[in-house]
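Right, one structure below, let's go through it.
Protein chains: 2
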Amino acid sequence: MARVKRMERVVALTKQLVDHPYQLFSFTYFCKKFEVAKSTLSEDVLAVRAGLEAYDLGRVETLAGAAGGVRFIPCHSEKANEEFLTELALQLAEPERILSGGMIYMTDLLFKPQLVMRLGEIIAQRLRHLEPEYIMTVETRGIPLAVFVARAFNIPVVMARRVGQITEGSTVSINYVSGSSKQIQTMALPKRALPSSARVLVIDDFMKAGGTARGMAELAEEVGAKVVGKAFFIATQEPEKKMIDDYTALFVLKDIDTENRKIDISPL
Amino acid sequence: MARVKRMERVVALTKQLVDHPYQLFSFTYFCKKFEVAKSTLSEDVLAVRAGLEAYDLGRVETLAGAAGGVRFIPCHSEKANEEFLTELALQLAEPERILSGGMIYMTDLLFKPQLVMRLGEIIAQRLRHLEPEYIMTVETRGIPLAVFVARAFNIPVVMARRVGQITEGSTVSINYVSGSSKQIQTMALPKRALPSSARVLVIDDFMKAGGTARGMAELAEEVGAKVVGKAFFIATQEPEKKMIDDYTALFVLKDIDTENRKIDISPL
Chain P
1 MARVKRMERV VALTKQLVDH PYQLFSFTYF CKKFEVAKST LSEDVLAVRA
51 GLEAYDLGRV ETLAGAAGGV RFIPCHSEKA NEEFLTELAL QLAEPERILS
101 GGMIYMTDLL FKPQLVMRLG EIIAQRLRHL EPEYIMTVET RGIPLAVFVA
151 RAFNIPVVMA RRVGQITEGS TVSINYVSGS SKQIQTMALP KRALPSSARV
201 LVIDDFMKAG GTARGMAELA EEVGAKVVGK AFFIATQEPE KKMIDDYTAL
251 FVLKDIDTEN RKIDISPL
Chain S
1 MARVKRMERV VALTKQLVDH PYQLFSFTYF CKKFEVAKST LSEDVLAVRA
51 GLEAYDLGRV ETLAGAAGGV RFIPCHSEKA NEEFLTELAL QLAEPERILS
101 GGMIYMTDLL FKPQLVMRLG EIIAQRLRHL EPEYIMTVET RGIPLAVFVA
151 RAFNIPVVMA RRVGQITEGS TVSINYVSGS SKQIQTMALP KRALPSSARV
201 LVIDDFMKAG GTARGMAELA EEVGAKVVGK AFFIATQEPE KKMIDDYTAL
251 FVLKDIDTEN RKIDISPL
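Protein sequences appear in the order of chains P and S. Per full-length UniProt numbering, residue 1 is the first one in the first sequence, and the count goes up by one each step. Per full-length UniProt numbering, residue 1 is the first one in the second sequence, and the count goes up by one each step.
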């Protein structure tokens, strides 16, 4: 390759890092790719870090030692995240989102990739200390959020299904009580999807009584995995007593006043 | 903001562009954000373009005029894409993926965000001329791929469901014949999900006879939308006659030899 200017190299380095959140690249990998000495690469990494920090676009971490390298961690200031969520709460509170049964229409928002990508990054930023190795969700509406939380952590998603599918080999299944409807339902996971002792973060779009989330946690534990956390796009304020203990949510839905067509929802 | 070095500004510009594929940013937006004159910004944009092109990491387009601006288009050389798909075909052909019923286990791959992101970019690159405004898929396994194709095009996803859900308001539904099982099934779409005359690209993970894809196309047309294309992760070679006409696929599955435990699959 012809000699490339430093600026072009730093652009390429930025793209590779930010496109692969949490992925650790060895210095050797980049030195070879860019045909530069380690000292030159170190300066380039510092430039990327400075540029991202100056504009609140995330953090670059370097890890020393033989197993070391460089990686990008998506994050924004608390203020920027709050502004983003407050703006989104206004959209969620639009009266035409009111559906029968005390629910709100939100599928359109949960299927906008740019928006969900940011939500996934916010959840990952808040739950980084949990060090999950897998994201678990249940079909269907929480899948995009689960995928973008997983992207931010550079880990895979496993999906539980409401019924076992013949296309996925042998499955483990459990019966669980849906907290809202009090009905007994079945949830299944392909046996090969989750290694035992894996650290699992449960993600779903909506949590009311917590029955589905509890089902997922039980299913994960059934295959020997460890549930390290549960996070939701929206959790309702009522019922106050949930079927799961610790959880986090991006929004709390306090009330839907169908008569006056008002939705009371705010970032948590 | 204190005066920031050019290098840092170019890093931030790179991040913003590559994080928002296809999104057109006005020059004014960046001039204001970076507090620079338009001539300076133009030089910065040229630097980002040169860096990405030098390492085959995508393209930066500038559009002139009042409605103009700058945007990032994810793409790689045909050679790089072919290498990526050939590598993935080897993984798909692992004998332990053989399931009963002439299917292969691929959910693990379809739920790895980094991998699916690249697949989404390849599909978007190949189908750019179709100019879709919406991606349509049906629950469940094709959702991550649909979301990443949508991300690459900067458009939303609409999801058809096998049964109408009470949480999504009024729905349009159709009955369709599943090509493989010959059974009559129902598929539904929330009425508000898709505006009429929208240009829709149908995405799914697996296509055998094409019954499900045909159902999606009919459902889209039922609400007045226009289906501009259909793309799949895997299409089977048999049956040769499909229930849909034009389509593209990343892989063609030629044969599963359960006796000798061999999967014959290759990039298309």
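Ideal Cβ positions, reconstructed from N, Cα and C, are used throughout, including at glycine.
{"Item": "Length of the line joining the Cα atoms of P/L253 and P/M103", "Value": "10 angstroms"}
{"Item": "Helix, strand or coil at S/Q16 [DSSP, three-state]", "Value": "helix"}
{"Item": "Pair within 8 angstroms by beta-carbon distance, P/P21 and P/I73", "Value": "yes"}
{"Item": "CB-CB length for S/A31 against S/L41, believed under 8 angstroms", "Value": "It is worth fixing the name first, because residue 31 of chain S is Cys in this sequence and not Ala. Between S/L41 and S/C31 the Cβ distance is about 5 angstroms, and since that is below 8 angstroms, they are a contact."}
{"Item": "Environment of S/F34 [buried if 16+ CB atoms lie within 10 Å]", "Value": "buried"}
{"Item": "Distance CB(S/V116)-CB(S/F148) smaller than 8 angstroms", "Value": "yes"}
{"Item": "Anticipated Cβ contact below 8 angstroms, P/T248 with P/L85, distance rounded", "Value": "With 8 angstroms as the limit, P/T248 and P/L85 do not qualify as a contact, their Cβ atoms being about 13 angstroms apart."}
{"Item": "Interface flag, P/Y105 vs chain S, CB-CB below 8 angstroms", "Value": "yes"}
{"Item": "Range of the contiguous alpha helix (DSSP H) that encloses S/K79", "Value": "78-92"}
{"Item": "Entirely enclosed beta strand (DSSP E) segments - the region 100-141 of chain S, minimum 3 residues", "Value": "134-138"}
{"Item": "Rounded C-alpha distance that separates P/S77 from P/T212", "Value": "32 angstroms"}
{"Item": "Buried or exposed by the 16-neighbour rule on C-beta atoms within 10 Å, applied to S/P190", "Value": "buried"}
{"Item": "Alpha-carbon spacing of S/L219 relative to S/A188, whole angstroms", "Value": "8 angstroms"}
{"Item": "Run of the beta strand (DSSP E) containing S/K262, from where it starts to where it stops", "Value": "262-267"}
{"Item": "For S/R71 and S/A50, the rounded distance between their alpha carbons", "Value": "14 angstroms"}
{"Item": "S/G51 at chain P interface by Cβ criterion, 8 angstroms", "Value": "yes"}
{"Item": "For P/A12 and S/Y55, the rounded distance between their alpha carbons", "Value": "7 angstroms"}
{"Item": "Whole-angstrom C-beta distance between S/A225 and S/I203, which should lie under 8 angstroms", "Value": "Between S/A225 and S/I203 the Cβ distance is about 14 angstroms, and since that is not below 8 angstroms, they are no contact."}
{"Item": "Closest Cα partner of S/L119 within the set S/E240, S/L63, S/M207, S/C75", "Value": "S/C75"}
{"Item": "In chain order, each beta strand (DSSP E) run of at least 3 residues that lies wholly inside the region 146-192 of chain P", "Value": "157-160, 171-177, 184-190"}
{"Item": "Backbone CA spacing between P/T171 and S/F233 [nearest angstrom]", "Value": "24 angstroms"}
{"Item": "Between the CA atoms of S/V138 and S/A150 - distance to the nearest angstrom", "Value": "14 angstroms"}
{"Item": "Residue interval of the alpha helix (DSSP H) (run including residue 275 of chain S)", "Value": "Look at the range of chain S in this structure, 1 to 268, and you will see that residue 275 of chain S is not part of it."}
{"Item": "Residue from S/E8, S/V60, S/K38 with nearest C-alpha to P/V48", "Value": "S/E8"}
{"Item": "Chain P contacts from the region 131-148 of chain S (Cβ-Cβ distance under 7 angstroms)", "Value": "E139, T140, I143, P144, V147"}
{"Item": "Delimiting residues of the beta strand (DSSP E) encompassing S/V36", "Value": "Unbroken run through S/V36: none, as it is neither H nor E."}
{"Item": "S/E221 vs S/V228 beta-carbon contact at 8 angstroms", "Value": "no"}
{"Item": "Contact set between P/D19 and chain S, taken where Cβ atoms lie within less than 7 angstroms", "Value": "V18"}
{"Item": "Partners in chain S for P/L194, counting only beta-carbon separations shorter than 7 angstroms", "Value": "The premise fails here: P/L194 is roughly 10 angstroms from chain S at the closest Cβ pair, so nothing lies under 7 angstroms."}
{"Item": "Span of the beta strand (DSSP E), counted from its first residue to its last, around P/A64", "Value": "Element bounds for P/A64: n/a, residue is neither H nor E."}
{"Item": "Sequence-distant residues of the same chain with beta carbon closer than 8 angstroms to S/G169, five excluded per side", "Value": "P190, K191, R192"}
{"Item": "CB contact check: S/R199 to chain P, cutoff 8 angstroms", "Value": "no"}
{"Item": "Closer than 9 angstroms at the beta carbon, the chain S residues around P/D108", "Value": "P156, V158, P190, R192, A193"}
{"Item": "Collapsed DSSP secondary structure at P/G51 in the structure displayed", "Value": "helix"}
{"Item": "Start-to-end residues for the beta strand (DSSP E) that takes in S/K251", "Value": "According to the sequence as given, residue 251 of chain S is Phe; it is not Lys. Counting along the chain, the beta strand (DSSP E) containing S/F251 begins and ends at 248-257."}
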